[in-house]
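Protein chains in written order, with the numbering used here: chain A, 120 to 436; chain B, 159 to 587; chain C, -14 to 275.
The C-beta atom is built at its ideal place from N, Cα and C for all residues, glycine as well.
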């Protein structure tokens, strides 16, 4: 409270300079004119960032150079943990599996959420309010419960899908003991759960595509697909980018759902990277090693994000 | 916080809401301490998914007698170990607890319970204590044993008989032949489901004459003997989606649920299922059957919760008093009866409160079974305790993972046994 | 994320012409087919929760219970203190949501409307928070929360969860689309920066506020591991902890678990149903009409 009282009067002279601001808002020249107000505005997030991200991250970084077990001393081991990581086949296997998972789930989420959003704004569909609620419900369900649901549906021996297949005279499918099929279940569940949030983003974007564009296209005799490709997709590109970026980062960090659906099984075949770090590192009291793995993962995520940002910028120009 | 400034400026509704929230939060945190300093109340953490009244009843008696309130906290099993680890870091361990296993992270903060454990009137089975340098660190709340359940309805329907007396048990071959007969006669789906756990595979190995995974004289795990490897190979062969569904050992499907479907002839699990079956199985009759011997008559004897008292300053004495109270003969009798425990104290006569005859018979059978069991049956938990006291911990998830590879045909039995031994040795350093 | 693009944008064709009956049927049936696919798993789950324990795994499977029962629900209700856990969860979710909105809106606005080099650095910092998964940060975050004295209190569950890159950037993207003329006009009128933000800009962002509200509420409602580790006092436990306590080491009482799961979902679904018509359906440009 004291902070804000002190900060505010400063923002008033800064804001009360009509001579400089009246004619036109010129962001580049006005570089440092306002600093108290924005500082005040970011203050909560800034404090939280310092306390709950930077501080723990620094602690974690420090651990990553030690053989800390959770209590007691943390002997310095230099880059041992990182070197060990390079030669840990299980780590790389988990990373590879995570990349495969992400490469499958992101396009699916993209198509599903854009498709449902398209239906939600289409003037032709009837009963949108109810349908929207139905599309939304999976997103409200916790990963633990979602895991239970999908394990039941695709249970190998007494699951619903295999029951239907065998009733129809087919042969039961190895939904759980086949590593790839088991991963597909996780992918289906993730798509099912994550559609709603991204659908929201797409609905807002689609609603704001100017009608005039479509009308002009109608005059040119464009068909629905052409209109979608040439008008809709470019117009919603910024939203598409955000959806892809957030889904990619989210899938790379997937933990709760995999654990709930198949616990990384069969065996360790579908251990995703965060699960690997958590179970082999923290659960077995190898905090130092797990911290090192976390920072390698962070580096990978930063690279992915930067590549996507650059790709997006190039496409935009 | 900036929202105070907002209030002054504009009085936005949700800035006000923010203030209310902040106040509510500070109110919460101020009442959250809960520790009144001197030992008027102590905490007891444990984990159960059943509605067992046992500890709650005892806590009431304890408060009436000693004037100390015991606050019982049921911590979910998934996350209990993590929570204890973090609590140890925060110096916020409970005063007493019943834990699934001790952790090297906090084992040095335990109190010595030898007075309770060595009390002659309690007559506690001393083989099952966790003892270090004559200090008793943990007393098990109960003993558990692995064992076989059968779907009695299916057996009766197929008119196939089964032994009821552990001293006249059958071999695995006889059992599997019987189960096969029942399955074909009743058109059930599988002969058997078998719990996927390191502790449950041990009896299979022991029964077949193998020694399993044991520590050698050098404190390292010794390579598995040929009989063990053969037993693993034979076990994997059962996972053929006819005798056993592959999904349990291959991918962690829930065998308990599979057995409850009524489509599986038998289930190899353990005594803890009895209470669940007594309520949860309504569509067929079930019974406990003796563990097969081939030729060794063994099971896996393990410990239920391990009761510990932490060294929490002014509460330490009260904590010890509560643990002592739990194991006093009369109190323990009540606890074991209410919670359905196989007793850790010798010579008790227990009457379990089950209404189902099958459940009562089952308990009687387990008691006999444990008397007859080969001494190797308790070696699994003994090894675990020994390692833990040496400051080493073993995560037996490894055995499940390697067995999954075997069952799914990714590696042969020899490789599986080698990987398990190597992995265990890596963990204990 | 272009929650809104340029302000004076007419909506896309609001109503279809009447001659489009085949298209209506086609589009609607695709939508309803998808809705059936999305809705079925949840429906099956809810219907199963009304089956007696003995029927859950009987073959052949049936969609509807042969005999309806609420015993799973009544048992779940007596297994843990549902009402108290519900209140705790509500406190956590509401507090975290309000704080998240305040923090994200202010920071998002600053990122959109001011140019300072340190704001760019700050934006990168906020993005960085999404790069370390919460699970791997957990042990060190725990050390911090313990050191600042929030261990074993609901605040320890709420406060670390307030910062969110998603929320901050949702607001940033929105405020970028609000014309700077509006800000200019306010400055000419002598309105201070904070006042402009609170009085003019924030009301404009109502759709974003509501969207983030439901998002944040859902996150906190379903949190499990962090509350379990931070809270020691069962009087402060949250619903997810109660639900998880039904899953035992050796067996799961499925019928109770189903009942408890559905119970734990009801408030969240109810809140969503109340708010859903505001979420993203409000006219994003409403504030700029005059």
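Chain B contact residues for residue 232 of chain C, given Cβ-Cβ distances below 9 Å: 207, 234, 235 and 236
Counted within 10 angstroms of its Cβ, other Cβ atoms place residue 211 of chain B as buried (16 or more) or exposed: exposed
Same chain, Cβ closer than 6 Å to residue 53 of chain C, five either side skipped, listed in chain order: Excluding residues within five positions, the ones whose Cβ falls inside 6 Å are 35.
Any non-hydrogen atom of the ligand ATP within 7 Å of residue 414 of chain B CB: As for the ligand ATP, it is missing from this structure, which has no ligand bound.
Reduced DSSP category for residue 467 of chain B - H, G, I as helix; E, B as strand; rest coil: In the three-state scheme derived from DSSP, where H, G and I count as helix and E and B as strand, residue 467 of chain B is classed as strand.
Beta-carbon proximity list for residue 445 of chain B, same chain, < 6 Å, skipping 5 on both sides: 308, 310 and 516
Three-state secondary structure assigned by DSSP to residue 282 of chain B: strand
Residue interval of the beta strand (DSSP E) (run including residue 293 of chain B): 293 to 298
Neighbour flag for residue 53 of chain C against chain B, beta carbons, 8 Å: no
Euclidean distance between Cα positions of residue 324 of chain A and residue 236 of chain A: Rounded to whole angstroms, residue 324 of chain A to residue 236 of chain A spans 9 Å at the Cα level.
Supposed close pair residue 468 of chain B, residue 254 of chain B - CB separation, criterion 8 Å: Indeed, because the Cβ distance is near 7 Å, the residues count as touching under 8 Å.
The stretch 279 to 298 of chain B touching the stretch 489 to 509 of chain B, judged by at least three CB pairs closer than 8 Å: yes
Three-way DSSP call (helix, strand, coil) for residue 390 of chain A in this model: coil
Separation of residue 131 of chain C from residue 161 of chain A, as counted between CA atoms: 25 Å
Chain C within 8 Å of residue 264 of chain A, Cβ atoms only: At least one beta carbon of chain C lies nearer than 8 Å to the beta carbon of residue 264 of chain A.
Under 8 Å between C-beta atoms of residue 147 of chain C and residue 85 of chain C: yes
Contact between the stretch 323 to 330 of chain B and the stretch 341 to 359 of chain B (3+ Cβ pairs under 8 Å): no
Residues sharing a beta bridge with residue 185 of chain A, DSSP: A/195
Nearest residue (CA-CA) to residue 382 of chain A, options A/205, A/221, A/291 and A/301: A/301
Simplified DSSP assignment, three categories, for residue 225 of chain C: helix
Proximity test, Cβ basis, 8 Å: residue 277 of chain A and chain B: yes
Expected contact under 8 Å - CB spacing of residue 183 of chain A and residue 411 of chain A to nearest Å: Right, the Cβ-Cβ distance comes to about 4 Å (below 8 Å), so this counts as a contact.
Residues near residue 215 of chain C in its chain [Cβ-Cβ closer than 6 Å; skip 5 each side]: 141 and 142
Contact under 8 Å by Cβ, residue 56 of chain C with residue 197 of chain C: no
Minimum length 4: unbroken alpha helix (DSSP H) runs contained in the stretch 398 to 457 of chain B: Taken in chain order, the complete alpha helix (DSSP H) segments of 4 or more residues contained in the stretch 398 to 457 of chain B are 404 to 409, 413 to 418 and 431 to 438.
Chain-ordered residues of the stretch 202 to 216 of chain A with a beta carbon less than 8 Å from chain B: none
Straight-line Cα distance separating residue 138 of chain C from residue 224 of chain C: 16 Å
Three-state class that DSSP yields for residue 257 of chain C in the structure shown: helix
Three-state secondary structure assigned by DSSP to residue 574 of chain B: helix
Nearest-angstrom Cα separation, counted from residue 386 of chain B out to residue 456 of chain B: 14 Å
Beta-carbon proximity of residue 565 of chain B to residue 424 of chain B, cut-off 8 Å: no
Pick from A/295, A/230 and A/319 that is closest to residue 408 of chain B, judged by C-alpha positions: A/295
Best match in C/247, C/244 and C/238 for proximity to residue 206 of chain B [C-alpha to C-alpha]: C/238
Within-8 Å CB hit, residue 244 of chain C to chain B: no
Beta-carbon proximity list for residue 217 of chain B, same chain, < 7 Å, skipping 5 on both sides: 228 and 230
Span separating the alpha-carbon of residue 513 of chain B from that of residue 440 of chain B: 13 Å
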